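Student: So the protein sequences, as listed, match chains V and X. As numbered in numbering that gives the first Met the number 0, the first sequence has no gaps in its residue numbers, which increase by one up to the final residue, 246. As numbered in numbering that gives the first Met the number 0, the second sequence has no gaps in its residue numbers, which increase by one up to the final residue, 246. Quick one: the structure is below, questions incoming.
Protein chains: 2
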Amino acid sequence: MHFISEQRLDDNVLEREFTLGDIPGILWTPGSASASAPVPLILICPPPLGLGRMYPRLAGRARYYAAEYGFASATIELPGSGERPRWEAAEQARAELRRVVEAGEPVTDEIIDALVLPLVERTVPEWQAVMDDLLARPEIDGPVGYEGGIISIGVRLARIDPRIKAAGLFAGSFVPRVMFEEARQVTVPLHVLLQWDDEGNDRQASLDLFDAFGSEEKTLHANMGGHTGVPQFELDPGARFFARHLK
Amino acid sequence: MHFISEQRLDDNVLEREFTLGDIPGILWTPGSASASAPVPLILICPPPLGLGRMYPRLAGRARYYAAEYGFASATIELPGSGERPRWEAAEQARAELRRVVEAGEPVTDEIIDALVLPLVERTVPEWQAVMDDLLARPEIDGPVGYEGGIISIGVRLARIDPRIKAAGLFAGSFVPRVMFEEARQVTVPLHVLLQWDDEGNDRQASLDLFDAFGSEEKTLHANMGGHTGVPQFELDPGARFFARHLK
């Protein structure tokens, strides 16, 4: 991992942009982090809209986690987002989704699979590589929590990587059918946010996915406010969820 | 209102048992409450199991609200519970519910109406009488929050009494059809708890009722743990909900 910028923010949080191979990302560590007192790590997965656009929201969460709870956080630019190269199949899947939505046609399972599964396949190993690197640093020791982004990335990562001890998921994206099966094999504690009046989201699919998770502890927080309107008051319960399971 | 006992608890909360007419109840006020600094009031409605049995849970919530957030809280013995006189129709409705459940027959709308609506009719005016009395005291000035109990009591009270400014509801009881209509007329902020794996509760009816509420701000917190297993970590988000709306 190469750090390409470093700044100490006014809440004493250290923000560093990095690259790991061709993955760009940002690492936030609390002022208290040191080799003698290593801290837990939260992986904050962005939606595929580009880190530049998402920076204020991601940094807001990371700085709150660092300043209030002493967690380190990392985010990455997703494959195909921001300045990262597009790939043909993903562009085609997005174009097909746009076409059916504009034509008022149903969004089929095939379209959802083509849209989501390749992104899951590419992103999960990247998160694992970031974990490999960060957990080898003296100032970060885990355990690791995951949050955000496309819910299927969280489902896959929580299912296959035992380093993930808790996951905060956002039920706001298309869910391939295979993820309902994978969800049954997820057993870590879950904290799921659902925007009840999210026009672009299939609410019943989100409730079915929540029901499918095998986790003994799972919590669903549903709110009003539309897709992007998660209330500010949900920040602290999410942080407390991680504090219960990562300390 | 007559106070029949008074004790100062070790968190400096004052606990007083009272009677108002033939309604027994308990009032908790924070150590800080005085005529010069009046406090908000939470009505904590118990389930119809008797105050004696429910005391530890109710007092735990009330003392947390008082000690951490400076709220007064009151609870009452519901009509037909504890030492209060039973009435024939309610006993018949309960017996009929037991009969169909044991026989594996469906719980019809008629049974639910007979079970719930008379209790709503009797209890709501009692809560209003308690509010009339408590809000006239110098150490309590409102606003008033309502929480708990049978969800239909909360729906009716929030619909008809403008003194209720926020309601915390527990989606764990049978819901008469008419309550879905009444819910559309409820506009105060809501915080709804749902036990996802509550065997005795119709989950879909609870989700439908949540959807029906007319409130612009409504939050659903669903958890595992069965009917009586609301996690301890839900206490503080509920208190913060009231703190946002009653201060």
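The beta carbon of each residue, even a glycine, is placed where N, CA and C say it ideally should be. Since the model is a prediction, treat every value here as computed from it, not as a measurement.
I'd like to know whether the C-beta atoms of L114 of chain V and F169 of chain V end up nearer to each other than 8 angstroms.
Tutor: For L114 of chain V and F169 of chain V, no; Cβs fall outside 8 angstroms.
Student: Can you grab the Cα-Cα spacing for the pair E138 of chain X / S31 of chain X, in whole Å?
Tutor: 9 angstroms
Student: Evaluate the contact criterion for the segment 34 to 46 of chain X versus the segment 147 to 164 of chain X: three or more CB pairs, one atom per stretch, below 8 angstroms.
Tutor: Result yes; three or more Cβ-Cβ pairs closer than 8 angstroms.
Student: When DSSP labels each residue in this structure, what does Q127 of chain V get in the three-state scheme?
Tutor: helix
Student: Taking the beta strand (DSSP E) that V191 of chain X belongs to, which residues open and close that run?
Tutor: 189 to 194
Student: In terms of residue numbering, what span does the beta strand (DSSP E) encompassing R7 of chain V cover?
Tutor: 1 to 7
Student: DSSP on P117 of chain V, reduced to helix/strand/coil?
Tutor: helix
Student: Exposed or buried, what is G51 of chain X when buried is set at 16 or more other beta-carbons lying within 10 Å of its beta-carbon?
Tutor: So G51 of chain X counts as exposed.
Student: Closer than 7 angstroms by beta-carbon distance: list the chain X residues that pair up with A182 of chain V, in chain order.
Tutor: Neighbours of A182 of chain V in chain X, taken as residues whose beta carbon is under 7 angstroms from its own, are absent, since the nearest beta carbon is some 14 angstroms off.
Student: Helix, strand or coil: how does DSSP classify P236 of chain X here?
Tutor: Looking at P236 of chain X - three-state DSSP - the assignment turns out to be helix.
Student: Cutting at 6 angstroms between CB atoms, please list the residues of its own chain near M178 of chain V, excluding the five before and the five after it.
Tutor: S151, V154
Student: State the Cα-Cα distance for the pair A242 of chain V and T227 of chain V, rounded to the nearest angstrom.
Tutor: 25 angstroms
Student: Let's see if you can read the secondary structure: which residues bound the beta strand (DSSP E) around R15 of chain V?
Tutor: 13 to 19
Student: Starting from I163 of chain X, follow its DSSP beta bridges and name the residues at the other end.
Tutor: Answer is X:V143.
Student: Give the DSSP bridge partners of A36 of chain V, in chain order.
Tutor: As a beta-bridge residue in DSSP terms, A36 of chain V pairs with V:S33.
Student: For the alpha helix (DSSP H) containing G24 of chain V, list its first residue and its last residue.
Tutor: That residue, G24 of chain V, is in no alpha helix (DSSP H); its beta strand (DSSP E) goes 22 to 28.
Student: Quick check on T227 of chain X - is its C-beta less than 8 angstroms from some C-beta in chain V?
Tutor: no
Student: Could you tell me whether the Cβ atoms of R245 of chain X and A165 of chain X are closer together than 8 angstroms?
Tutor: The residue you asked about is not Arg; residue 245 of chain X is Leu in the sequence shown. Taking 8 angstroms as the Cβ cut-off, L245 of chain X and A165 of chain X qualify as a contacting pair.
Student: Can you give me the Cβ contacts of E16 of chain V inside the same chain, cut-off strictly under 6 angstroms, excluding the 5 residues immediately before and after it?
Tutor: I3, S4, I25
Student: Going straight from the alpha carbon of D201 of chain V to that of A102 of chain V, what length do you get?
Tutor: 18 angstroms
Student: For G144 of chain V, tell me which candidate among V:L40, V:L77, V:A89, V:A135 has the shortest Cα-Cα distance.
Tutor: V:L40
Student: F179 of chain V versus chain X: which residues are under 8 angstroms apart at the beta carbon?
Tutor: Neighbours of F179 of chain V on chain X: none; closest Cβ ~16 angstroms, over 8 angstroms.
Student: Helix, strand or coil for L208 of chain X per DSSP?
Tutor: Helix.
Student: Rounding to the nearest angstrom, what Cα-Cα distance links G79 of chain V and P124 of chain V in this structure?
Tutor: Computed Cα separation, rounded: 15 angstroms.
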